[in-house]
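Numbering (my numbering), first residue to last: 151 to 257.
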């Protein structure tokens with residue numbers, strides 16, 4: 151199964167220990183990051199004002215809700231302030247979902 155990599159420290163992130171966060175300001179979305187949640191041992195989480203728990207995004211329903219959220223923002227004329235950051239996060243999520251679907255089809 152694919153691994154999630156923290157955008158801050160570069161270490162593996164388990165879905166239960168991770169978060170996807172971003173900024174939402176003045177009709178802009180940006181600074182998308184997949185990181186560890188802040189704990190006493192780890193301070194990887196950026197100062198973004200929006201987030202979703204990583205484990206929810208690894209589920210088909212949570213993944214589709216996140217896609218729906220993004221589409222609704224674009225419908226409301228939001229722009230991407232930093233498209234590369236979203237591509238990087240979505241690349242990790244897409245690979246995970248793809249591998250989950252392959253495993254389901256093998257059964």
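We treat Cβ as the ideally placed atom computed from N, Cα and C, and that holds for glycine.
- The C-alpha of residue 223 lies about 18 Å from the C-alpha of residue 183.
- Counting the other CB atoms within 10 Å of its CB gives residue 194 a total of 16 or more, which places it among the buried residues.
- Within its own chain, the residues whose Cβ lies closer than 8 Å to the Cβ of residue 196, once the five positions on either side in sequence are excluded, are 158, 171, 181, 183, 185, listed in chain order.
- Residues 152, 154, 155, 184 of the same chain have their beta carbon placed closer than 8 Å to that of residue 242, with the five preceding and five following residues left out of the count.
- For residue 207, the enclosing alpha helix (DSSP H) starts and ends at 204-207.
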